[in-house]
Every structure is written in C-alpha cells, then in structure tokens.
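Peer 1: Just dropping this structure here.
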Amino acid sequence: IFAILPFYSGDVEDGFRFGGLRRWYGRLVALIILLGSLTFGEDVLFASKEYRLVASAQGDTEEINRTIETLLCIISYTMVVLSGVQNASKHFRTLHDIAKIDEYLLANGFRETYSCRNLAILVTSAAAGVLAVAFYYIHYRSGIGGKRQVILLLIYFLQLLYSTLLALYLRTLMMNLAQRIGFLNQKLDTFNLQDCGHMENWRELSTLIEVLCKFRYITENINCVAGVSLLFYFGFSFYTVTNQSYLAFATLTAGSLSSKIEVADTIGLSCIWVLAETITMIVICSACDGLASEVNGTAQILARIYGKSKQFQNLIDKFLTKSIKQDLQFTAYGFFSIDNSTLFKIFSAVTTYMVILIQF
C-alpha cells in the first residue's frame with residue numbers, strides 16, 4: 283500500500299504476476315510523497331522559527347538542530363519510497379526467485395516458518411509512543427500554529443511509518459532466507475559423515491551448491507536493492523540519536539526552565555525517540571548479521587568437505603574461490619557495513635560527540 287514493495291499476485295512461482303497498473307500505483311504514491319516532501323521541506327527551511335517546539339529553551343542552537351533533524355526526517359522517508367519504487371522489479375524478482383527455489387526445498391523436507399509478530403508489536407508500539415508524545419508536546423506545549431502542527435506531525439508519522447515498515451520487511455525477508463540457507467547448510471554438513479565416493483552424493487552436492495549460489499545471488503541483490511534506503515535511514519537515525527541525547531542533557535541541566543513539568547516532557551520526548559530508533563536499528567542490524575553469518579558459513583562447511591574426495595574438489599573450488607575472497611557484508615550503499623557491531627560503532631560515536639558538545 284505504501285509502495286515499499288510492488289503489488290503482485292500469486293503465491294507460487296508459476297502464478298507470480300507484476301506489471302501494468304501495479305507499477306503505476308507505486309509511481310503515483312512516490313509522486314505524492316515527493317511533492318509533499320518538497321512542500322514541507324521548503325516550509326520547514328524558510329519558516330524554521332514557526333516550528334520551535336520549545337520557545338527559548340536552548341536558543342538558536344535548538345532551532346537549528348530541530349530544522350536539520352526535520353529536513354533529514356523528510357529526506358529519509360522520501361528516499362525509502364523512491365528507492366522502493368525504483369527497484370520494484372528487483373523486489374519482485376527476489377520474491378519470484380525465492381518462490382522458485384522453495385519448490386526444491388519443500389521437496390527435500392523444509393518446513394520451517396518465521397514470524398516477527400511480537401517484534402512487530404514492539405517496533406510499532408515504540409513508533410506509536412513517539413508519535414503520541416510528539417502530538418502532546420506539539421499540540422499542548424508548543425507555540426506552533428495549527429497548520430504547521432499538522433505538517434510536523436505528518437512528517438513524523440511518515441518517517442516512523444516508513445522506517446517501521448522497512449525494518450519489518452527486511453527482517454522478515456532476511457530471516458526467512460537465513461532459515462533456508464541454514465537448512466541447506468545442515469544438509470551440506472552431513473557430507474562430512476558420508477562416504478563421498480558414490481555418484482549420487484556427487485550429484486546431490488552439486489545441486490546443493492547450485493541452490494546455495496542462487497541464494498547468495500539473491501542475498502547480494504537484496505543488499506543492492508535496500509542499500510539506498512538503509513543509507514538515508516541510518517543517517518537520519520544517527521543524527522536523531524545524537525541530537526535527542528544532547529537535548530535531553532541540555533534540558534535537564536538548563537537553569538532557565540520555568541517548571542519541572544517542562545523538563546520532564548522534553549526529556550520524555552527525547553528518550554522515547556532514542557529508544558524507538560535504537561529498537562528499529564537493532565531489528566535491521568541483527569537481521570543483516572544473521573543472514574550474512576549463514577551465507578558465509580557455507581564456505582566453512584565446504585572447506586571441511588574439500589578433502590573428502592578429489593571428485594568434489596573441482597566442484598567446490600568454483601564456490602570457494604569467490605566466497606573466501608569476498609565475504610558477504612550488508613552495507614548502506616557501500617558507505618559502511620551493517621551488522622551487530624554497527625550499533626556499537628554508532629553509540630561510540632554518539633558518546634564521543636556528546637562529550638564534545640557538553641564540554642563546548
């Protein structure tokens with residue numbers, strides 16, 4: 283509905299359909315979002331004083347920070363939509379390829395399923411909490427006019443909506459792929475316990491390697507398709523976490539605030555925003571790390587099989603040559619890798635910037 287994925291019909295490989303009006307729907311949504319973003323961005327940039335959440339809490343610095351953060355917010359969700367529509371055919375091809383390979387997996391006993399329902403409730407609740415606190419803060423405690431209240435809340439809503447949908451989509455897709463690759467790796471690992479001289483074993487190993495190569499191609503394709511969206515989302519998240527952490531500290535230590543209620547409200551908004559962005563980043567980073575670990579684990583299993591039989595060596599060489607030289611890494615369009623260590627790097631940088639800002 284929100285054009286991150288294209289509309290398609292069918293749930294089996296032969297029944298997949300995509301094209302015609304389904305393509306134009308995504309382009310229409312992208313056009314609406316783009317025009318809205320240009321309108322909102324112009325208003326936020328040239329009327330920034332009208333969007334001050336706290337009049338005179340931290341002076342002009344707070345105004346500049348909020349303006350940059352709001353503009354990054356607009357750019358973030360806009361690029362997620364544009365990237366999704368631009369790569370609609372690749373998204374569809376990925377789903378089509380997975381459905382095609384699933385026929386082989388089901389025939390060989392694959393029965394695992396993955397659901398992120400509980401995780402979706404957590405991420406959605408965090409996003410809803412941010413929106414609720416922002417509504418209270420904008421509507422009841424700020425001096426923002428009625429029209430710009432609607433604009434600001436709509437900007438926050440769209441960013442939270444698209445970041446949540448993107449995170450849950452990538453989580454679901456990557457964890458399903460990780461389950462499938464893990465299943466194939468288990469079958470591959472049984473070759474260490476078998477007599478490798480039979481021709482049937484050679485054929486089975488050849489088929490497994492072929493399917494795993496296809497999964498590696500699918501995984502690399504996902505990385506290319508989602509790279510732009512992840513780059514702009516993580517850019518916005520990094521700035522927001524840094525800015526909101528500093529605003530919470532500045533609000534807590536500011537001596538010019540008139541009441542303790544205002545201090546609590548400001549800190550509440552900052553803390554829940556940092557929490558929501560952290561949860562979303564954890565969902566994405568853990569999914570990327572889990573899938574990359576399964577894909578890279580295939581090369582280690584094949585390396586153990588390599589010495590079992592000379593018949594297998596030429597077959598395995600073709601896979602290992604690429605896998606050993608180039609471990610799979612998910613990246614934000616090549617700018618930085620995304621895995622479990624990414625969160626540590628982000629919060630290390632945030633801590634460093636916080637110390638510098640507080641000392642300054």
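Using the numbering used here, read the sequence shown as starting at 283 and increasing by one per residue. All C-beta atoms in this analysis are idealised placements derived from N, C-alpha and C, irrespective of residue type, glycine included.
1. Kindly indicate which residue of Ser291, Gln595, Leu354 has the alpha-carbon position closest to the one of Ser488.
2. Please report how far the alpha carbon of Met636 lies from the alpha carbon of Val367, in whole angstroms.
3. Thr376 and Ile500 look like a contact to me (Cβ under 8 Å); what is the Cβ gap, rounded to whole Å?
4. Take Tyr444 and list the residues in its own chain whose beta-carbon comes closer than 8 Å to its own, dropping the five residues that flank it on each side.
5. Which class does Thr533 belong to by DSSP, given the choice of helix, strand or coil?
6. In the DSSP assignment, find the unbroken alpha helix (DSSP H) run with Ile638 in it and report its ends.
7. What are the residues that DSSP puts in a beta bridge with Thr613?
8. If you draw a straight line from the alpha carbon of Phe289 to that of Ile587, how long is it in whole angstroms?
9. Would you check if there are 3 or more beta carbon pairs closer than 8 Å linking the region 500-516 to the region 305-323?
10. Would the beta-carbon of Ser519 fall within 9 Å of that of Thr562?
11. Taking Leu413 as the reference, give the member of Ala402, Leu529, Leu442 with the closest Cα.
12. Does Arg309 pass the burial test, meaning 16 or more other C-beta atoms within 10 Å, or should it be called exposed?
13. In its own chain, which residues sit with a C-beta less than 8 Å from the C-beta of Ile543, not counting the 5 before and 5 after it?
14. When the Cα atoms are used, what is the spatial distance from Ala409 to Glu486?
15. Starting from the Cα of Ala569, find the closest Cα among Leu335, Ile350, Trp484, Leu512 and give me that residue.
16. Ignoring anything shorter than 4 residues, give me the alpha helix (DSSP H) runs that lie fully in the region 373-436, in order along the chain.
17. I'd like the list of long-range same chain contacts for Thr349, defined as Cβ closer than 8 Å, with 5 residues on each side in sequence excluded.
Peer 2: From the atom records:
1. Along the sequence shown, read from residue 1 onward, the residue named residue 488 stands at position 206. Among Ser291, Gln595, Leu354, the Cα nearest to that of Ser488 is on Gln595.
2. Indexing the sequence shown from 1 puts residue 636 at position 354. Indexing the sequence shown from 1 puts residue 367 at position 85. Cα-Cα distance, rounded: 37 Å.
3. On the sequence shown, position 94 is the one that residue 376 refers to. On the sequence shown, position 218 is the one that residue 500 refers to. So it is a contact: roughly 6 Å between Cβ atoms.
4. What you label residue 444 is simply residue 162 of the sequence shown in a count that begins at 1. Taken in chain order, the residues that qualify are Phe284, Ile286, Ser358, Tyr359, Val362, Val363.
5. Numbered from its first residue, the sequence shown carries residue 533 at position 251. Residue state, collapsed to three classes: helix.
6. Position 356 of the sequence shown, counted from the start, is the residue given in the question as residue 638. Segment 622-641, the alpha helix (DSSP H) holding Ile638.
7. Within the sequence shown, residue 613 is the residue found at index 331, counting from 1. Answer is Ser619, bridged to Thr613.
8. By one-based count along the sequence shown, residue 289 stands at place 7. By one-based count along the sequence shown, residue 587 stands at place 305. Taking the straight line from one Cα to the other gives about 43 Å.
9. no
10. The residue given as residue 519 occupies position 237 in the sequence shown. The residue given as residue 562 occupies position 280 in the sequence shown. Yes, they are a contact pair.
11. Numbered from 1 along the sequence shown, position 131 holds the residue referred to as residue 413. It is Leu442.
12. The sequence position of residue 309 within the sequence shown is 27, counting from 1. The residue in question, Arg309, is exposed, as its Cβ has fewer than 16 Cβ neighbours within 10 Å.
13. Residue numbering aside, residue 543 sits at position 261 when the sequence shown is read from its first letter. Annotation note: pLDDT 47 at Ile543 (below 50); position unreliable, coordinate value reported separately. For Ile543, where only same-chain residues beyond five positions count, there are no Cβ hits under 8 Å.
14. Within the sequence shown, the letter at position 127 stands for residue 409. Within the sequence shown, the letter at position 204 stands for residue 486. Ala409 and Glu486: Cα-Cα distance of roughly 47 Å.
15. What you label residue 569 is simply residue 287 of the sequence shown in a count that begins at 1. Selected option, being the one with the closest Cα: Leu512.
16. 399-418
17. Here residue 349 corresponds to residue number 67 of the sequence shown, with the count starting at 1. Once the five neighbours on either side are set aside, the close Cβ partners of Thr349 are Val326, Leu327, Ser330, Tyr333.
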